[in-house]
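30 is the number of the first residue of the sequence shown in the working numbering; add one for each residue after it.
One structure below.
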Amino acid sequence: MTQPLATADIHMIQRLIPHRYPFLLIDKVRDIDGYQSAVGIKNVTMNEPHFQGHFPSKPIMPGVTIVEAMAQTAAVMVGTALEMQDKDMLVYFMAIEKAKFRRMVVPGDVLEMRLTTLRGKPGGKVWRFAGEATVEGEMACEAEFTAMMDLGAK
């Protein structure tokens, strides 16, 4: 068994989760501490397709995409810890709870998502996470969510 990664760049992210443009919502995952915690980074740009309609005169990142970015961060964290590169892992939402939105996220922001595992273990299918998304230290979103890890998608 090799030493688990502490950071996943965009290339490693794409080896771990199947998401691609326009739905790959994270650029980097750092500070990966096994399957316990990690920090996801999303550089928010005006080029993203949801800004064409949300809202044309005042582009704001939809709250649901912030929660999805947190979930993608959690999937990369677990996938890295379990060495799931190139193994076609899929992750499905089972529940989203306690979601609160505190600040608008707009083009030019860097969204930092801190994820912590509340429940889950290697070999387990059902995992629960808590996430906080901030911009420059200011809370943008917090949520808890439960997901099912399909570790053999093919």
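Where is the CB? At the ideal position from N, CA and C, for every residue including glycine.
Check                                                                                                         : Outcome
Helix, strand or coil at Ala35 [DSSP, three-state]                                                            : coil
Paired residues, beta bridge with Leu147 - DSSP                                                               : Per DSSP, none; premise fails for Leu147.
Completely contained alpha helix (DSSP H) runs for the region 75-146, where each covers 4 or more residues    : 92-110
Cβ neighbour criterion (16 or more within 10 Å) applied to Thr109                                             : buried
Proximal residues to Met106 (C-beta, below 7 Å), its chain only, five neighbours per side dropped             : Val58, Ile61, Tyr64, Ala67 and Leu144
Given Met142 as reference, the closest of Ala176, Leu45, Val134 and Ala162 once Cα atoms are compared         : Ala162
Bridge partner(s) assigned by DSSP for Val164                                                                 : Leu140 and Glu167
Touching by the beta-carbon criterion (3+ pairs, under 8 Å), the region 148-158 and the region 66-81          : no
Burial state of Gln81, where buried means 16 or more other Cβ atoms lie within 10 Å                           : exposed
Sequence-distant residues of the same chain with beta carbon closer than 8 Å to Ile70, five excluded per side : Ile55, Asp56, Lys57, Val58, Arg59, Val139, Leu140, Glu141 and Met142
C-alpha distance - Glu87 paired with Lys127, whole-angstrom precision                                         : Looking at the sequence itself, residue 87 is Lys, so the reference to Glu does not match. Rounded to the nearest angstrom, the two C-alpha atoms are 26 Å apart.
Assigned exposure category for Met168 - 16 Cβ within 10 Å defines buried                                      : exposed
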